[in-house]
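Residue numbers (our numbering): 14 to 318. Heads up, the thing below is written out as structure tokens.
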């Protein structure tokens with residue numbers, strides 16, 4: 014979807030917080046014409062807000078403003094933008110978006126996303142700077158919960174108290190994309206859903222993963238890794254039958270994963286960034302499909318505390 018938006022990044026960082034928003038217009042291409050409506054925006058995310066030129070955004074839309082638009086069912090949304098002004102900035106967005114698309118394959122409890130082509134105008138004194146950016150929208154967690162007649166669960170929960178199969182799918186997925194920057198227990202880069210008397214993990218924010226390999230990403234050396242491209246399995250010990258079941262699920266859906274990757278090839282600006290995704294996911298499946306590598310890298314790493 015093509016979108017136009019304008020605001021000052023300096024003003025965004027300086028004037029917004031958890032309860033304070035700035036107001037601007039958002040235009041989107043609807044068929045052959047542009048539709049415009051008012052939105053309220055604030056910067057979100059602690060790390061990216063501090064480090065990024067384009068901070069990620071939380072968007073609120075009043076009911077009267079969103080009626081009759083493609084956004085009519087979305088009171089709040091997250092907008093993911095490139096972090097820094099680098100040649101691979103837009104490709105990093107597509108790489109992170111692929112993480113969300115992969116998780117859709119493995120779990121029904123996922124965020125829906127929508128890719129954007131953004132014309133971003135930023136006022137700079139008497140001049141205006143125009144950027145052509147990739148971005149994507151993420152639905153609100155309450156909307157995910159409503160889809161399953163559940164609710165968002167906002168309290169500390171040990172992973173072993175979560176639904177076993179869904180929890181293992183989440184940790185396999187995090188290993189797949191090389192992400193260690195999460196804690197479902199403390200809801201760091203992950204939400205929890207309470208559905209059918211079960212607690213389900215709902216992961217998000219994958220910019221620190223090996224899949225994205227962002228220039229600003231830092232490896233968690235306390236885990237014994239020296240690069241974000243280095244995988245570390247973070248899942249807890251579960252019944253071997255569940256581990257084997259989820260392994261089989263991921264292997265059986267390998268073809269679908271690579272279909273998704275291939276479908277996004279034309280969305281990349283740099284062939285090297287696309288190739289890095291293919292190679293990284295191929296490495297994951299080599300581990301998954303080899304009994305010895307699977308035992309060493311996943312089964313032997315199962316946490317007990």
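Virtual Cβ for every residue (Gly too), placed ideally from N, Cα, C. In this text the structure is predicted, and so the values were computed from the model without any measurement.
*asked:* Considering only their Cβ atoms, is the gap separating residue 109 from residue 16 smaller than 7 Å?
replied: Locating residue 16 in the chain shown gives position 3, counting from the first residue. Locating residue 109 in the chain shown gives position 96, counting from the first residue. Cβ atoms of residue 16 and residue 109: not closer than 7 Å.
*asked:* Judging by CA-CA distance, which residue of 219, 297, 267 and 184 is the nearest neighbour of residue 105?
replied: Along the chain shown, read from residue 1 onward, the residue named residue 105 stands at position 92. Selected option, being the one with the closest Cα: 219.
_Using only the alpha-carbon positions, how far apart do residue 46 and residue 52 sit?_
To locate residue 46, count along the chain shown from 1; it is residue 33. To locate residue 52, count along the chain shown from 1; it is residue 39. Taking the straight line from one Cα to the other gives about 19 Å.
*Counting along the chain, where does the alpha helix (DSSP H) carrying residue 175 start and finish?*
Numbered from its first residue, the chain shown carries residue 175 at position 162. Where residue 175 is concerned, there is no enclosing alpha helix (DSSP H), given that its DSSP letter is neither H nor E.
*Does the region 201 to 213 come close enough to the region 269 to 286 to have 3 or more Cβ pairs within less than 8 Å?*
no
*With a floor of 3 residues, list each beta strand (DSSP E) that falls wholly inside the region 99 to 148, ordered by position along the chain.*
126 to 137
*Where do the ends of the beta strand (DSSP E) carrying residue 77 lie?*
Here residue 77 corresponds to residue number 64 of the chain shown, with the count starting at 1. Per DSSP, residue 77 belongs to no beta strand (DSSP E); it is in the alpha helix (DSSP H), 76 to 79.
*Between residue 74 and chain B, is there a C-beta pair that is closer than 7 Å?*
No chain B appears in this structure, which consists of one protein chain only.
*Quick one: what's got a C-beta closer than 8 Å to residue 198's C-beta in the same chain, skipping five residues either side?*
In the chain shown, counting from the first residue as 1, residue 198 sits at position 185. 169, 170, 171 and 172.
_Inter-stretch contact (C-beta, 8 Å, three-pair minimum) for the region 144 to 154 and the region 118 to 131_ = yes
*Based on Cα-Cα distance, which residue from 298, 27 and 116 lies nearest to residue 244?*
Within the chain shown, numbered from 1, the residue matching residue 244 stands at position 231. Residue 298 is the option with its Cα nearest to residue 244.
*Measure the C-alpha to C-alpha separation of residue 165 and residue 72 and round it to an integer number of angstroms.*
Position 152 of the chain shown, counting from 1, holds the residue named residue 165. Position 59 of the chain shown, counting from 1, holds the residue named residue 72. Each residue's alpha carbon lies about 19 Å from the other.
*Taking the continuous alpha helix (DSSP H) assigned at residue 158, which residues delimit it?*
As a first step, residue 158 must be located in the chain shown, where it is residue number 145. 154 to 160 is the extent of the alpha helix (DSSP H) around residue 158.
*Roughly how many angstroms lie between the CA atoms of residue 79 and residue 115, to the nearest whole one?*
In the chain shown, the residue the question calls residue 79 occupies position 66. In the chain shown, the residue the question calls residue 115 occupies position 102. Rounded to the nearest angstrom, the two C-alpha atoms are 29 Å apart.
_In the DSSP output, which residue or residues are listed as bridge partners for residue 300?_
Here residue 300 refers to the residue found at position 287 of the chain shown. In DSSP, residue 300 forms no bridge with anything.
*Could you have a look at residue 317 and say whether DSSP puts it in helix, strand or coil?*
Here residue 317 corresponds to residue number 304 of the chain shown, with the count starting at 1. Looking at residue 317 - three-state DSSP - the assignment turns out to be coil, as it is neither helix nor strand.
*asked:* Spatial neighbours of residue 130 within its chain, please: C-beta separation below 6 Å, excluding the five flanking residues on both sides.
replied: Indexing the chain shown from 1 puts residue 130 at position 117. Counting only Cβ-Cβ distances below 6 Å, and skipping sequence neighbours, we find 15.
*Is there contact here, the region 16 to 31 with the region 128 to 142, by at least three beta-carbon pairs under 8 Å?*
yes
*For the region 266 to 300, which segments carrying the alpha helix (DSSP H) assignment without a break, of at least 4 residues, lie completely within its bounds, in sequence order?*
267 to 276
_Quick check on DSSP: helix, strand or coil for residue 42?_
For this step, residue 42 is matched to residue 29 along the chain shown. In the structure shown, residue 42 sits in a strand (DSSP, three-state: E or B).
_Using only the alpha-carbon positions, how far apart do residue 100 and residue 145 sit?_
Translated into positions along the chain shown, residue 100 becomes position 87. Translated into positions along the chain shown, residue 145 becomes position 132. Those two C-alpha atoms are separated by around 12 Å.
_With distance defined between alpha-carbon atoms, name the residue in 24, 44 and 43 nearest to residue 36._
Here residue 36 refers to the residue found at position 23 of the chain shown. Comparing Cα positions, the closest option is 24.
*Have a look at residue 237 and residue 193 and give me their C-alpha separation to the nearest angstrom.*
In the chain shown, residue 237 corresponds to position 224, counting from 1. In the chain shown, residue 193 corresponds to position 180, counting from 1. For residue 237 and residue 193, the distance between alpha carbons rounds to 11 Å.
*Quick one: what does DSSP say residue 196 is sitting in, helix, strand or coil?*
Taking the first residue of the chain shown as 1, we reach residue 196 at position 183. Residue state, collapsed to three classes: strand.
*Return the first residue and the last residue of the alpha helix (DSSP H) that residue 249 is part of.*
As a first step, residue 249 is located in the chain shown; it is residue number 236 there, counting from the start. Note, residue 249: premise wrong, no alpha helix (DSSP H); not H, not E.
*Length of the line joining the Cα atoms of residue 249 and residue 112*: For the purposes of this step, residue 249 is taken as the residue at position 236 of the chain shown. For the purposes of this step, residue 112 is taken as the residue at position 99 of the chain shown. Each residue's Cα considered, the two are about 22 Å apart.
*Around the C-beta of residue 190, are 16 or more other C-beta atoms found within 10 angstroms, so that it is buried, or is it exposed?*
Locating residue 190 in the chain shown gives position 177, counting from the first residue. Its Cβ being crowded by 16 or more others within 10 Å, residue 190 is buried.
*Rounded separation between residue 96 and residue 55 - CA only*: Position 83 of the chain shown, counted from the start, is the residue given in the question as residue 96. Position 42 of the chain shown, counted from the start, is the residue given in the question as residue 55. Roughly 15 Å separates the two Cα atoms.
_Identified DSSP bridge partners for residue 213_ = Mapped onto the chain shown, residue 213 falls at position 200. 206, per the DSSP bridge assignment.
*When DSSP labels each residue in this structure, what does residue 16 get in the three-state scheme?*
For the purposes of this step, residue 16 is identified with residue 3 of the chain shown, where counting begins at 1. In the structure shown, residue 16 sits in a strand (DSSP, three-state: E or B).
*Buried or exposed: residue 107, going by 16 or more other Cβ atoms within 10 Å of its Cβ?*
Here residue 107 is taken as the residue at index 94 of the chain shown, counted from 1. Counting Cβ neighbours within 10 Å, residue 107 comes out buried, since at least 16 surround it.
*Is the distance from the Cβ of residue 182 to the Cβ of residue 259 below 7 Å?*
On the chain shown, residue 182 is found 169 positions in, with the first residue counted as 1. On the chain shown, residue 259 is found 246 positions in, with the first residue counted as 1. Contact flag set, yes.
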